[in-house]
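These notes are about the structure you will find just below.
In this note's numbering, the protein residues as written are 85 to 523.
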């Protein structure tokens, strides 16, 4: 009987995590499609001229979308802490579908002039709100739904599906590159992936409506729920908030540098052709996806802190050498190896950042506590990483960016060094223990 109950419980956990993760995949696919296809549609929304300037404008819009993420996390985090994780996740994917559909249907600059980039900006603002709410709520849901002793493993699937969303975007890009020529891609082919994203989001919308609510939220009392998800309650946990900021700073800059900017770097600076760069990114990110649950499972055995320290130390020491070496080669194989080294280092952060942050907050403020300080930090540093890199390149001092990334990681290393082992002080586990004692 006990084995049957355990199997049923495991199946329930796996099913709910699959539904939550699939929605996360589609959300991030919709977000990354913009970056993956920017090299094709940047000229469509902005006046013709210097290709770097066009990419700079497109990256600026990418950064603007990030600036809405703190607002999205504030709105959706409060909603998730008060009305439930499932309700918030369903709403966020609906908003993302709307943004993708708008981008897919917007005429270019030559057709409607300055209105075109304005509509693009509005669509990215909408998507920024959605993604801002998705991260904190998704991290909270996966962490709460996971079983004790396996929270690192299960919560790692947030970045599995996050990166898988980027992989899907790259996969669509590679496929379209095989069947469409350069002119077709720049004139209308880039719209196809946005349509795919909008349709996929509608499918996920139906799946998320059938998810179970987390036990922690369901057990929260009515009085506690009335005050849940407010800034006032969040400010009762200043140390946890600052810890999330410190955890995120170096991780988000490194992540977006290696997964988003590196594609442009290989094309514009290294001089590798677009098709080869797409293939390099696809294979490297596929391996990166596989590393996430392995590292998450490892954290369940040895703790979260050793992985964070590994990322902080190696990222600080090796970021500049990796980029300087890549800058001097046009060999696609060497570029792939260097990218893979960088992604392996970043895994120390990406695989466990969701569970570490979720373990810092109580149920009534967990979605907002995880999402808001994270999104604020990502908006300021992660979302601007590509913009800063392209701006420095245009100014003729691109190498300064490599030192900037290393410095950000070093700041986070200090935070990792000072923090305790979150798996031993987890508020998720403490709440369950308290519940079992009172039962």
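Glycine included, C-beta positions come from ideal geometry on N, C-alpha and C.
Item checked: Limits of the alpha helix (DSSP H) - the one that residue 444 falls within -> For residue 444, there is no enclosing alpha helix (DSSP H), since its DSSP letter is neither H nor E.
Note to self: Considering only the alpha carbon of each residue, which of 485, 188, 228 lies closest to residue 445?
What the structure shows: 228
Next item on the list: Count the C-beta pairs between the region 225-241 and the region 365-380 that are closer than 8 Å, then say yes if the count reaches three, no if not.
Entry: yes
Notebook entry, point to check: Contact check, residue 277 vs residue 248 under 8 Å by CB: the rounded distance?
Noted result: At roughly 15 Å, the Cβ-Cβ gap does not stay under 8 Å, so residue 277 and residue 248 are not in contact.
Next item on the list: Look up residue 473 in the DSSP assignment and say whether it is helix, strand or coil.
Entry: helix
Note to self: Which residue marks the beginning of the alpha helix (DSSP H) containing residue 290, and which one marks its end?
What the structure shows: 276-292
Item checked: Pair within 8 Å by beta-carbon distance, residue 430 and residue 487 -> no
Note to self: Using the three-state DSSP reduction, which class does residue 123 fall into: helix, strand or coil?
What the structure shows: Reduced to three states, the DSSP call for residue 123 is helix.
Notebook entry, point to check: Since residue 331 and residue 454 are thought to touch, with beta carbons under 8 Å apart, how far apart are those beta carbons, to the nearest angstrom?
Noted result: That pair is no contact at about 11 Å.
Margin query: Please list the terminal residues of the continuous alpha helix (DSSP H) segment that includes residue 412.
Written below: No alpha helix (DSSP H) holds residue 412; DSSP gives it neither H nor E.
Next item on the list: For residue 317, collect the residues of the same chain with a Cβ closer than 7 Å to its Cβ; drop the 5 residues on either side in sequence, then sort them by chain order.
Entry: 311, 448, 449
Item checked: C-alpha distance - residue 292 paired with residue 168, whole-angstrom precision -> 12 Å
Next item on the list: Flag this pair as yes or no: are the beta carbons of residue 409 and residue 401 separated by less than 8 Å?
Entry: It is not a contact, given that the beta carbons lie outside the stated cut-off.
Next item on the list: Buried or exposed for residue 190, please, with buried defined as at least 16 other CB atoms from any protein chain shown within 10 angstroms of its CB.
Entry: buried
Checklist line | Beta-carbon spacing of residue 106, residue 224 below 8 Å | finding: no
Next item on the list: Using the Cα positions of residue 388 and residue 417, report the straight-line distance between them to the nearest angstrom.
Entry: Residue 388 and residue 417 have their C-alpha atoms roughly 32 Å apart.
Notebook entry, point to check: Cα separation between residue 325 and residue 457?
Noted result: Within the model, the alpha-carbon separation for residue 325 versus residue 457 is close to 6 Å.
Checklist line | Collapsed DSSP secondary structure at residue 457 in the structure displayed | finding: Judged by DSSP in its simplified three-state form, residue 457 adopts helix.
Notebook entry, point to check: So what's residue 194 in DSSP terms, helix, strand or just coil?
Noted result: helix
Check: Does the beta-carbon distance from residue 489 to residue 341 come in below 8 Å?
Finding: yes
Notebook entry, point to check: Can you tell me the Cα-Cα spacing of residue 272 and residue 185, whole angstroms?
Noted result: 14 Å
Next item on the list: With a floor of 4 residues, list each alpha helix (DSSP H) that falls wholly inside the region 363-423, ordered by position along the chain.
Entry: 389-411
Note to self: On the DSSP letters alone, give me the boundaries of the alpha helix (DSSP H) that residue 216 sits inside.
What the structure shows: 199-229
Notebook entry, point to check: Among 232, 353, 434, 412, which one has its Cα closest to the Cα of residue 372?
Noted result: 434
Item checked: Cα-Cα separation between residue 460 and residue 329, rounded to whole angstroms -> 8 Å
Check: Using the C-alpha atoms, what's the distance from residue 333 back to residue 432?
Finding: 14 Å
Next item on the list: Go through its chain and collect everything with a Cβ distance to residue 411's Cβ below 7 Å, but skip five positions before and after it.
Entry: 353, 354
Note to self: Which same chain residues end up closer than 7 Å to residue 513 when comparing Cβ atoms and leaving out the 5 residues on each side of it in sequence?
What the structure shows: 232
Next item on the list: Rounded to whole angstroms, what's the CA-CA distance from residue 235 to residue 384? Just pull it up for me.
Entry: Roughly 7 Å between the two C-alpha positions.
Next item on the list: Return helix, strand or coil for residue 264, following the three-state DSSP convention.
Entry: coil
Notebook entry, point to check: From residue 509 to residue 443, what does the alpha carbon distance come to, in whole angstroms?
Noted result: 8 Å
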